[in-house]
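What follows is a short report on a single structure.
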Amino acid sequence: MASTLYICYFGLREPLVQTQVLPYLREIRKDGIDVSILTFEPHIRSTWSPEQIAEERAALATEGIDWHCLVYHKWPSVPATVYDIFRGTLFIRNFIAKNQPDVLHGRVHLPTLMGAIARKLSRHKPKLLFDIRGFFPEEYTDAGIWPEGGWLYRAVKRIERWLMSESDGFVVLTENARNILFPESTKSGYDDLGRPVEVIPCCVDFGTRFKENTVELRSSVRTEIGIDDRFVIVHLGALGGLYRTNEIADFLAVARKTNPRTFAMFLTQTDPTRILPLLKERGFDESDYFVGRVAPADIQSYLNASDIGLSFVKAGYATASRSPTKIPEYLACGLPVIANRGVGDVDDLISRNRVGALIDHFSDTSYLKALDMVDALGDVRGRCRETAEREFSLTSVGGVKYRALYHRLLRGE
């Protein structure tokens, strides 16, 4: 039986791991592949008791997933990351020696680097799968975290080039990213060295998290929140960095002038002070917005109670690789999407399926035009849901593609 070690530089409880990583691993398991996962847990001593770790490990084991964890170190940033790479590499090398996995599956650059170094230091040589996800160095410079052209950026680009040469297979999130990195794979599915390349967008689980929407569910949630007669525009996810927070607030202000019933909903783990002053400056009262954290299990309920989903991201080279998780989640809940152009495959998705509107410029005129376009679409909840099921289903899209990629990788096809 084939086996894989999935390496993830996040903690197990992170929403992204719960909603993206673990569901994909369950899908990979369907082909009989033994799955292990390594995570890095922040504040492990204060957030996990030994009993909780044992319970979680046992629960995952019942699903055929073997969980291992190391401590995540945050500060000082560069030395802490280097130390984590060292610890991760040592763990993976020992794991290879003991278990001889067939695949090392790295989620983005740092985990793949750990796997690549560990493989270099091992007699057994597993296949290395580079799950690129995004253009990591460019994302950090675009977000203002690293200076453009600085030593950190240059160092990571050198590491990236090495990983591209060392890896045996690749996953990217968008066709745009494939066209940039592996244009020769568009028709064949392989790069110019014969290595498999697969485009797998961020998918949603219709079986557990995004079940069929109902009028009753929408009505009950709106009553519970106190927004029965409001026109709800929602932003799901982080604020700041690559996310155009000021522009989101501007859009909401324009929408509110057009329709005084507009209600702003922010489902985010970001500090509320990032958005609250912007809303208040634009005349929003406390009765006009909701800003807060929502458990992953409750996301569908809140989205189902909304009317439009927003995705405003700083567009550039880095965002060609992005597949915003929020967009399939909006669509799964029947929400039309208003997004800016230039992000991943979003332009094609919205235009081809007629499930929202695209903003050409961040301006009041563009915002009004987008609102009018969505209004002209009429009731598109059914079409949005159908689009999500066709383009982003965990089982019929993501799972199928991951298993096919593993099949090609393990058989050298």
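By the count of the working numbering, the sequence shown reaches residue 1594 at its end, each step adding exactly one.
Every residue gets a Cβ at the ideal spot worked out from N, C-alpha and C, and that includes glycine.
Return the Cβ separation of residue i and residue j in integer angstroms, given the expectation that the two are a contact with Cβ distance under 8 Å.
{"i": "D1312", "j": "L1575", "result": "Wrong, their Cβ atoms sit about 16 Å apart, outside the cutoff."}
{"i": "A1430", "j": "L1460", "result": "6 Å"}
{"i": "Y1264", "j": "G1192", "result": "So it is not a contact: roughly 17 Å between Cβ atoms."}
{"i": "D1323", "j": "L1423", "result": "6 Å"}
{"i": "G1579", "j": "E1347", "result": "That belief does not hold up - the Cβ atoms of G1579 and E1347 are roughly 25 Å apart, past 8 Å."}
{"i": "A1150", "j": "R1399", "result": "Residue 1150 is absent from the model: the chain starts at 1182 and stops at 1594."}
{"i": "P1509", "j": "V1524", "result": "Their Cβ separation, rounded to whole angstroms, is 14 Å, which puts P1509 and V1524 out of contact at 8 Å."}
{"i": "V1378", "j": "S1482", "result": "Not quite, the Cβ-Cβ distance comes to about 37 Å (not below 8 Å), so this is no contact."}
{"i": "L1417", "j": "L1484", "result": "7 Å"}
Answer yes or no: the CB of residue i versus the heavy atoms of the ligand NAD, is any distance below 7 Å?
{"i": "S1468", "result": "Absence of the ligand NAD from the depicted structure is noted, as is the absence of any ligand whatsoever, leaving it without description."}
When the Cα atoms are used, what is the spatial distance from residue i to residue j?
{"i": "D1469", "j": "C1384", "result": "31 Å"}
{"i": "F1427", "j": "V1216", "result": "According to the sequence shown, residue 1427 is Asn rather than Phe. Computed Cα separation, rounded: 42 Å."}
{"i": "V1494", "j": "K1550", "result": "18 Å"}
{"i": "M1554", "j": "G1537", "result": "7 Å"}
{"i": "K1301", "j": "F1471", "result": "51 Å"}
{"i": "R1268", "j": "N1275", "result": "11 Å"}
{"i": "R1376", "j": "L1206", "result": "22 Å"}
{"i": "I1234", "j": "F1221", "result": "13 Å"}
{"i": "I1489", "j": "S1184", "result": "42 Å"}
{"i": "I1381", "j": "W1248", "result": "24 Å"}
{"i": "V1561", "j": "V1352", "result": "32 Å"}
{"i": "R1226", "j": "L1251", "result": "11 Å"}
{"i": "T1270", "j": "G1350", "result": "20 Å"}
{"i": "D1526", "j": "H1305", "result": "38 Å"}
{"i": "A1358", "j": "A1501", "result": "6 Å"}
{"i": "I1361", "j": "P1223", "result": "34 Å"}
{"i": "T1200", "j": "F1573", "result": "13 Å"}
{"i": "I1414", "j": "G1407", "result": "15 Å"}
{"i": "K1392", "j": "P1260", "result": "44 Å"}
{"i": "I1456", "j": "K1368", "result": "44 Å"}
{"i": "K1279", "j": "E1195", "result": "28 Å"}
{"i": "L1552", "j": "T1404", "result": "25 Å"}
{"i": "Q1281", "j": "K1308", "result": "11 Å"}
{"i": "P1318", "j": "S1577", "result": "32 Å"}
{"i": "S1544", "j": "F1432", "result": "8 Å"}
{"i": "S1258", "j": "L1333", "result": "12 Å"}
{"i": "Y1371", "j": "Y1190", "result": "27 Å"}
{"i": "A1335", "j": "E1341", "result": "A small correction: the amino acid at residue 1335 is Arg; Ala does not occupy that position in the sequence shown. Straight-line Cα distance between these residues: approximately 10 Å."}
{"i": "R1595", "j": "N1521", "result": "Residue 1595 cannot be examined here, being either before or after the span of the chain that is shown, 1182 to 1594."}
{"i": "V1202", "j": "R1238", "result": "16 Å"}
{"i": "A1569", "j": "D1528", "result": "15 Å"}
{"i": "R1584", "j": "D1212", "result": "7 Å"}
{"i": "K1507", "j": "I1218", "result": "25 Å"}
{"i": "R1589", "j": "R1571", "result": "24 Å"}
{"i": "G1325", "j": "P1364", "result": "29 Å"}
{"i": "W1343", "j": "I1298", "result": "11 Å"}
{"i": "D1452", "j": "T1355", "result": "30 Å"}
Under DSSP, the beta strand (DSSP E) around residue i begins and ends at which residues?
{"i": "R1288", "result": "1284-1288"}
{"i": "C1250", "result": "1246-1253"}
{"i": "N1394", "result": "Neither: N1394 is in no beta strand (DSSP E) and is coded neither H nor E."}
{"i": "L1310", "result": "1308-1312"}
{"i": "I1277", "result": "Premise fails: I1277 lies in the alpha helix (DSSP H), 1258-1280, not in any beta strand (DSSP E)."}
{"i": "L1539", "result": "1537-1540"}
{"i": "T1185", "result": "1184-1188"}
{"i": "S1492", "result": "1489-1492"}
{"i": "V1353", "result": "1350-1353"}
Would you list the residues sitting across from residue i in a DSSP beta bridge?
{"i": "T1443", "result": "F1412"}
{"i": "P1318", "result": "In the DSSP output, where bridge partners are listed per residue, P1318 has none listed."}
{"i": "P1377", "result": "Y1371"}
{"i": "E1222", "result": "V1252"}
{"i": "N1521", "result": "I1540"}
{"i": "D1215", "result": "S1184"}
{"i": "V1385", "result": "S1574"}
{"i": "Y1424", "result": "G1421, V1494"}
{"i": "L1448", "result": "L1417, G1473"}
Residue i lies in the alpha helix (DSSP H); which residues open and close that run?
{"i": "Y1511", "result": "1507-1513"}
{"i": "F1573", "result": "1562-1573"}
{"i": "V1527", "result": "1527-1534"}
{"i": "V1475", "result": "Note, V1475: premise wrong, no alpha helix (DSSP H); not H, not E."}
{"i": "I1456", "result": "Neither: I1456 is in no alpha helix (DSSP H) and is coded neither H nor E."}
{"i": "V1305", "result": "Reading off the sequence shown, one finds His at residue 1305, where the question assumed Val. Neither: H1305 is in no alpha helix (DSSP H) and is coded neither H nor E."}
{"i": "V1581", "result": "1581-1592"}
{"i": "V1198", "result": "Careful: V1198 lies outside any alpha helix (DSSP H) and carries neither H nor E."}
So, does the CB of residue i fall closer than 8 Å to a CB anywhere in chain D?
{"i": "I1519", "result": "Going by chain labels, chain D is absent from the structure shown, which holds only one protein chain."}
(request) Kindly confirm or deny that the stretch 1514-1521 and the stretch 1559-1573 touch, where touching means at least three C-beta pairs closer than 8 Å. (result) Contact holds: three or more Cβ-Cβ distances are below 8 Å.
(message) Under 8 Å, with one C-beta from each stretch per pair, do the stretch 1450-1466 and the stretch 1283-1302 reach the 3-pair mark?
(response) no
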